[in-house]
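For the protein sequence lines, the chains are A and B, in the order given.
Start counting the first sequence at 0; every next residue gets the next number (numbering that gives the first Met the number 0).
Start counting the second sequence at 0; every next residue gets the next number (numbering that gives the first Met the number 0).
Heads up, the beta-carbon is just placed ideally off N, CA and C, and yes, glycines get one too.
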Amino acid sequence: MNEQLVEQITKMVIEKLQTTKTTSTSQIKNNDEMPVKLFQNAPTGNLVVEKETANTGTDVKFVPIVSDKKQPEIKSVTKKTATEELTKSRAKKEEVLEGLRKQTPARIVVGRAGTRAKTDTWLKFRFDHAAAVDAVYGEVPSELLERLGFIQLHSKVVDKEEYIRRPDLGRRLSDQSIATIKEKCKRSATVQIVASNGLSAKAIEENMEDVYLSFEQSLKNAGIETGTTFYVENGRVALMDEIGEILQPDIVVILIGERPGLVSAESLSAYICYKPHLGTIEADRMVVSNIHKGGIPPVEAGAYLATVIQKILKYEASGVSLVKKEG
Amino acid sequence: MNLQATLGGITYTFSNLKEVMAKANEEKSGDRLAGIAAETVQERIAAKTVISNLLVSDIRNNPLIPIEEDEVSRIIEGDINERIYAEIKNWSIAELREYILSNRVGDRELKRISRGMNSETIAAVTKLMSNLDLVQAAGKVEILTTCNITIGQKGTISSRLQPNHPTDSVSGMLASLKDGLSYGIGDAVIGINPVDDSVESVKRLLHATSDFINEWEIPTQNCVLAHVTTQMKAIEQGAPADMIFQSIAGTEKANRSFGISAELIAEAKDLALKQGTSRGPQVMYFETGQGSELSAESHYGIDQVTLEARNYGFAKHFDPFIVNTVVGFIGPEYLYNNKQVIRAGLEDHFMGKMHGIPMGVDICYTNHIKADQNDIEDLGVLLSAAGVNFIIAAPMGDDVMLNYQSMSFHDVATLLQTFQKTPAKEYLKWLEKMGIYENGRLSERAGDPTIFMR
C-alpha cells in the first residue's frame with residue numbers, strides 16, 4: 000500500500016477522534032459534578048448499620064460502607080482564600096484529567112456512584128448501544144438507491160432475522176435476482192461495483208453517495224471501465240463470489256455496512272477481490288474499512304479505492320496473492 | 000452402546016455418538032447453522048436421556064475424531080491417567096453428574112477424576128447439567144497458577160485490564176491503563192489487543208506496559224495479544240513479555256486456519272520459559288469460544304460444546320497461566336441471544352474448571368446480537384457465584400478497538416464488593432499501598448487516575 004497515504008489517513012482519523020473527544024468532554028467539564036469527588040455528603044439519620052463480616056477465603060476484613068464507627072469529620076470550608084485555593088486545585092486537576100481523556104476515545108475518567116457508573120455516563124453508553132442496534136435493523140431509503148441508479152436486488156435471505164442466523168444464505172443471490180442481473184448487467188466489465196446494507200443500513204445512508212460518486216469518477220479518470228452497479232439487500236461479503244461466476248468481471252468491489260460499534264454505527268467497508276469465484280479463499284480478499292465521517296472520509300475513500308484497483312489490475316491479483324506478487 | 004430412548008410413548012433412535020451429543024445440547028444457533036441440532040425440544044431431552052445412560056468408556060471408545068486424523072485428539076488421549084480412568088470407566092454419565100454434585104466431593108476429588116476423563120466426557124456431563132448445577136460444581140474447584148503473581152484463590156476474582164486503542168497509541172493505551180488501575184483492575188494481566196500485528200508494534204506495547212509496571216512496582220504481568228509467531232519474534236528481539244498468548248480451537252484443522260499447531264505452541268512455551276520476563280512456571284495464555292471451529296469450516300459435524308471442551312483438553316497440555324472463553328463475541332449465528340450466551344458462559348467455565356485449568360471469561364456481546372449490558376451483568380453475577388478465576392474489563396465496558404462491549408471497571412469492582420471478594424492477595428496489598436483499596440473495597444480516592452501521575 001502507499002505508505003504516505005496510509006499515514007495521512009491515520010493522521011486524519013486520529014485528528015477526528017480527538018475533535019470528537021473534545022466536544023463530548025466539554026459537556027462534562029461544564030457540569031458542576033466533578034467526575035472525581037473527594038467526598039460524598041455523609042448521610043444523616045436512619046443509617047442502616049452494616050456489621051463487619053468475616054470472609055473465609057481471605058484474611059481481609061470487610062468493613063461496612065456505613066459503619067457505626069465514627070466517621071471522619073468533614074470540615075466545611077468557610078474562609079474565602081481556602082475556597083479559592085480549592086477551586087484552583089480542582090481546575091488544575093480537571094485540566095490533567097482532560098489531558099488524559101484526549102489521549103483516547105475510550106470512556107475513561109467518568110467518575111462513579113459507589114462502585115457504579117454515574118447516571119449520565121450510563122445513559123450515554125446505553126444511547127450509543129441503542130444507535131448501534133437500530134443501525135443493524137434499519138432500512139436503506141430506496142430514494143437514495145434510485146437517485147444513484149442502482150438496480151435493487153435481494154440475497155436468498157427473507158428478513159433480518161434470517162440474515163443474522165444464516166450467513167450462508169446472505170452469500171447467495173435470490174433466483175429472481177440472478178435472472179435480473181443476467182438480463183440487465185454488463186458482462187466481463189473491468190470493475191463490477193456492488194452495494195449492500197450488510198450489518199448497517201445507516202452506513203449506506205450516510206456514506207454511499209459520496210464514496211460511490213467519487214470512486215466512479217476516479218475510475219473514469221483512470222480510464223477503467225465499470226459494469227452495471229446494483230444493490231443487494233441483506234448481502235454478505237462472499238456474495239461477490241457468485242457475482243464473479245455469473246458476470247465474469249476482472250474485479251468485484253462490494254461496499255457494505257460494517258457491524259456497528261459504539262463509537263460509530265455508520266461505518267462502511269469496501270471488500271475487493273480479483274476474479275472472485277465460488278471457493279475463493281478469504282485471504283485473497285482485500286478490505287478498506289472504517290469509511291465514515293469520523294474515520295476515512297467517504298470522498299477520500301472513493302479516490303483511494305481507485306488507486307487500489309489500479310494496483311490489482313497491474314498485478315492481476317488481490318489480497319495475499321497480491322502481496323506475494325509484489326514481493 | 001445404547002443410542003435409543005423412549006419418552007412419552009415415542010422411541011427416539013440416534014445413529015451415532017456424534018449425533019446424540021449434538022442433539023443433547025441446549026439450544027444454540029450455531030448447532031442449528033451446522034444442521035445438527037435437535038429438531039424438537041422433546042428430541043433434545045431424549046438425547047440427554049441417552050447420554051445419561053452411556054458409560055464413560057462408551058465415550059472414550061467411540062472417538063468423534065480418531066487420533067490418527069487429529070493432533071488435538073492425540074493430545075487429549077495421551078494425557079489420560081489410565082488408573083483413574085479404570086476406576087470410573089463403568090460409571091454412567093448420570094452417575095458422573097451425581098458424583099460431581101455430591102456434597103462429599105470437593106476440590107481434591109474433582110481434580111483427581113479430571114485426570115481420568117477425556118474432553119468429550121466432560122462435554123457429555125455438561126449436557127446433563129442445569130445452569131445452577133454448572134455454577135455449584137465449578138465453584139468447588141480452586142485452580143491456582145503463578146506467572147509473576149499467584150491468582151485463583153477462593154475469595155478472589157482477578158481481572159484482565161484491556162486498555163486497547165484504535166491506533167495502538169501508547170499514550171492512549173496508558174490513559175486507559177491508569178484509569179483501570181485506579182479501579183483495582185489488572186491483576187490477571189494487562190493485556191492489549193493490537194490493531195497492527197507487526198513485530199515493531201508488539202515490541203512497542205510490550206516495552207510500554209513493562210516500563211509502567213516496573214515504575215509503579217505493580218505485582219502483575221503483561222501481554223500483547225498478537226499472533227503467537229509475532230510475539231515470539233518480539234521476544235527474540237529482546238522485548239519484555241511475561242507470557243505468550245494465542246487463540247486456539249478444538250480441532251487440528253481449525254488450529255491450522257489460525258496458523259498454529261501443537262508443535263508451535265510448545266515452541267512458544269519453551270521460548271517464554273527461556274526468554275520471557277516472568278517468574279512462572281505458568282507462561283501461556285489462551286482464548287477460546289464456542290463456534291470457532293464451525294466458523295473455520297473444520298468442525299467435523301461435531302457440536303460446539305464438545306468442540307469447546309476439546310479446546311480445554313488442548314490448553315491443559317501446555318499448563319497455561321490463564322485461559323478465557325470470549326463468550327458472546329463470535330456473533331448471533333453461533334450464540335443467538337442473552338440466554339444462549341449465558342448458558343455458554345456457564346458451560347465453558349465449568350468445562351474449563353473440570354479440566355483443571357485456570358478458567359476466566361470475557362463476558363461480552365456484539366451489537367448485532369440480542370443482548371445488552373444488563374444481560375452480561377447477569378452473567379457476571381452468575382460467574383462470580385461460580386468462582387470464576389478472572390474476568391476481562393474495558394473502560395465502561397466499551398472496547399474502542401474491537402468494537403464490542405465487555406464488563407466495565409465499575410462492574411468488576413461491584414462484583415467484588417457484592418460477593419465480598421477481592422483481587423489476588425499480592426495485588427490487593429499493592430492496591431492498599433497505593434490508596435486505591437481500603438478495608439477490602441475501593442477507597443474514596445479510587446477511580447482517580449492522577450494517582451499515577453508524578
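Alpha carbon to alpha carbon, what distance is there between Val210/A and Lys117/A?
Roughly 39 Å separates the two Cα atoms.
On the premise that Gly279/B lies in contact with Thr145/B, defined as a C-beta separation below 8 Å, what is that separation, rounded to the nearest angstrom?
Correct: roughly 7 Å between the Cβ atoms.
Any Cβ of chain A within less than 9 Å of the Cβ of Arg111/B?
For Arg111/B, no Cβ of chain A is located within less than 9 Å of the residue's own Cβ.
Option in Asp371/B, Phe389/B and Gln419/B with minimal Cα separation from Leu122/A
Closest by C-alpha distance to Leu122/A, out of Asp371/B, Phe389/B and Gln419/B, is Asp371/B.
Where His276/A falls, given that 16 or more other Cβ within 10 Å makes a residue buried
With fewer than 16 other CB atoms across the displayed protein chains lying within 10 angstroms of its CB, His276/A is exposed.
Take the Cβ of Leu131/B as the centre, count every other Cβ of all protein chains shown within 10 Å, and call the residue buried at 16 or more, exposed below.
Leu131/B is exposed by the Cβ-count criterion.
Determine the extent of the beta strand (DSSP E) in which Ile9/B is found, giving its start and end residues.
Its beta strand (DSSP E) spans residues Ile9 to Thr12.
May I have the straight-line CA-CA distance separating Leu133/B from Leu345/B, to the nearest angstrom?
Distance between the alpha carbons of Leu133/B and Leu345/B is about 6 Å.
What residues in its chain sit with their C-beta under 6 Å from that of Tyr84/B, if we drop five residues either side in the sequence?
So the list reads Gly115, once near-sequence residues are dropped.
DSSP three-state label for Glu32/A, please.
Caution is warranted here: a pLDDT of 40 is assigned to Glu32/A, below 50, making its placement in the model unreliable, and no coordinate value can be reported.
Start and end residues, beta strand (DSSP E) containing Arg146/A
That residue, Arg146/A, is in no beta strand (DSSP E); its alpha helix (DSSP H) goes Ser141 to Arg146.
Beta-carbon proximity of Asn117/B to Arg59/B, cut-off 9 Å
Cβ distance < 9 Å, so Asn117/B and Arg59/B count as in contact.
Please name the residue, chosen from Glu292/B, Ala37/B, Ser277/B and Asn221/B, that lies closest to Ser256/B on a Cα-to-Cα basis.
Ser256/B has its Cα closest to that of Glu292/B, out of Glu292/B, Ala37/B, Ser277/B and Asn221/B.
Range of the contiguous alpha helix (DSSP H) that encloses Thr305/B:
Counting along the chain, the alpha helix (DSSP H) containing Thr305/B begins and ends at Gln303 to Lys315.
Looking at the secondary structure, which residues open and close the beta strand (DSSP E) in which Ile189/B lies?
Going by DSSP, Ile189/B is part of the beta strand (DSSP E) stretching over Val188 to Ile191.
In terms of residue numbering, what span does the alpha helix (DSSP H) encompassing His128/A cover?
Looking at the DSSP string, the run of the alpha helix (DSSP H) that includes His128/A is Thr118 to Tyr136.
Starting from Phe214/A, follow the alpha helix (DSSP H) in both directions and report where the run begins and ends.
Segment Ala200 to Asn220, the alpha helix (DSSP H) holding Phe214/A.
Which residues in the same chain as Leu96/A place their Cβ atom closer than 6 Å to its Cβ, once the five residues preceding and following it in sequence are excluded?
Cβ neighbours of Leu96/A beyond the five flanking positions: Val108.
Residues of chain B with CB closer than 7 Å to the CB of Ile163/A, please, in chain order.
Result: Pro331, Glu332 and His367.
Partner residues on chain B for Ile290/A, Cβ-Cβ distance less than 8 Å:
Here the premise fails: no neighbours, minimum Cβ distance about 14 Å.
Which complete alpha helix (DSSP H) runs does the stretch 215-265 of chain A hold, if anything under 4 residues is left out?
Fully enclosed alpha helix (DSSP H) runs of 4 or longer: 238-246.
Measuring only between beta-carbons, confirm whether Asp283/A sits less than 9 Å from chain B.
Taking Cβ atoms only, chain B never reaches closer than 9 Å to Asp283/A, which makes this a no.
With a cut-off of 9 Å, does the C-beta of Lys88/B fall near any C-beta of chain A?
Lys88/B does not count as touching chain A.
Given that a residue counts as buried once 16 or more other Cβ atoms are within 10 Å of its Cβ, and exposed if not, what is Tyr403/B?
Label assigned to Tyr403/B: buried.
In this structure, what does DSSP give as the bridge partners for Asn213/B?
Asn213/B is not bridged by DSSP to any residue.
With a Cβ-Cβ cutoff of 9 Å, do Gly406/B and Ala393/B count as a contact?
According to the sequence displayed, residue 406/B carries Met and not Gly. Against a cut-off of 9 Å, the Cβ pair of Ala393/B and Met406/B comes out as a contact.
Coarse secondary structure for His153/A, derived from DSSP in three states
Reduced to three states, the DSSP call for His153/A is strand.
Apart from the five residues on each side of it in sequence, which residues of its chain come closer than 8 Å, Cβ to Cβ, to Leu143/A?
For Leu143/A, same chain residues with a beta-carbon under 8 Å away, outside a window of 5 residues either side, are Ile203, Glu204, Met207 and Glu208 in chain order.
Contiguous alpha helix (DSSP H) assignments of at least 4 residues, all confined to the stretch 256-341 of chain B:
Whole alpha helix (DSSP H) segments, 4+ residues: 261-274, 291-294 and 303-315.
Output yes if chain D places a C-beta closer than 9 Å to the C-beta of Gly290/B; else output no.
Here chain D cannot be found, since the structure's protein chains are A and B.
Unbroken beta strand (DSSP E) run spanning Gln191/A, endpoints:
Per DSSP, Gln191/A is one residue of the beta strand (DSSP E) stretching across Val190 to Ser195.
Between the stretch 273-287 of chain A and the stretch 228-243 of chain A, do at least 3 Cβ pairs fall closer than 8 Å?
Touching, yes.
Could you compute how far the alpha carbon of Glu251/B sits from the alpha carbon of Ile163/A?
Their backbone Cα atoms lie some 28 Å apart in a straight line.
Thr454/B versus Ala188/A: straight-line alpha-carbon distance, rounded
Residue 454/B cannot be examined here, being either before or after the span of chain B that is shown, 0 to 453.
What's the C-alpha gap between Thr12/B and Val49/B?
Using only the alpha carbons, I get a separation of about 9 Å.
DSSP three-state call for Gly56/A: helix, strand or coil?
Here the model assigns Gly56/A a pLDDT of 47, short of 50, so the residue's position is not dependable and the matter cannot be decided.
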